[in-house]
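Here is the structure we will look at, set down as structure tokens.
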Amino acid sequence: MEALNRKPNLTAKKSMKLSDGTAIDVVSITARKMMDIANNKRLTDVERGMHITAAKILVNGKPIVYDDMLDGFTDTEINEIVRFANDIDEGDGIKNG
């Protein structure tokens with residue numbers, strides 16, 4: 033980063049609380065981290081999106097990984113978190129199987 037002489041702002045951009053009081057904060061991630069996930073050909077498109085979402089959130093102030101997110105939330109909570117973290121409206125194409 034010496035040529036740019038800057039560091040990206042990775043602080044919380046917005047927050048929400050789940051019905052049980054769990055705090056979800058959305059933070060920025062570096063472009064490198066996003067591209068590393070996006071270019072992982074072993075993952076499906078859905079898995080890439082979930083990995084990026086996991087990288088973008090803090091749960092009760094702590095970072096989590098993909099497996100934590102899948103094992104720690106219900107399907108309804110995940111849908112709510114994904115919509116919130118990625119600025120997706122209810123009618124923007126998220127459909128249940």
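The working numbering numbers the first residue of the sequence shown as 33 and each following residue consecutively. Glycine included, C-beta positions come from ideal geometry on N, C-alpha and C.
Backbone CA spacing between residue i and residue j [nearest angstrom]
| i | j | result |
| --- | --- | --- |
| A63 | L42 | 11 Å |
| I61 | K94 | 14 Å |
| M66 | G53 | 29 Å |
| A117 | I89 | 7 Å |
| D119 | A35 | 32 Å |
| L139 | D121 | Since the first residue of the chain shown is 33 and the last is 129, residue 139 is not available in this structure. |
Neighbourhood of residue i by C-beta distance below 6 Å, restricted to the same chain and skipping five residues each side
| i | result |
| --- | --- |
| M101 | A86 |
| K45 | V58 |
| V114 | T85 |
Unbroken alpha helix (DSSP H) run spanning residue i, endpoints
| i | result |
| --- | --- |
| A35 | Neither: A35 is in no alpha helix (DSSP H) and is coded neither H nor E. |
| K88 | 77-88 |
| V114 | 107-117 |
| I69 | 63-70 |
| G104 | 98-104 |
Neighbourhood of residue i by C-beta, 7 Å cutoff - its chain only, sequence neighbours within 5 removed
| i | result |
| --- | --- |
| I84 | M66, I69 |
| I96 | A86, I89 |
| M48 | I56, F116 |
Residue i - containing beta strand (DSSP E), residue span
| i | result |
| --- | --- |
| D57 | 55-59 |
| K1 | Nothing can be reported for residue 1: it is not among the residues displayed for the chain, which extend from 33 to 129. |
query = How do the segment 63-79 and the segment 109-116 stand: do at least 3 beta-carbon pairs fall below 8 Å, yes or no?
reply = no
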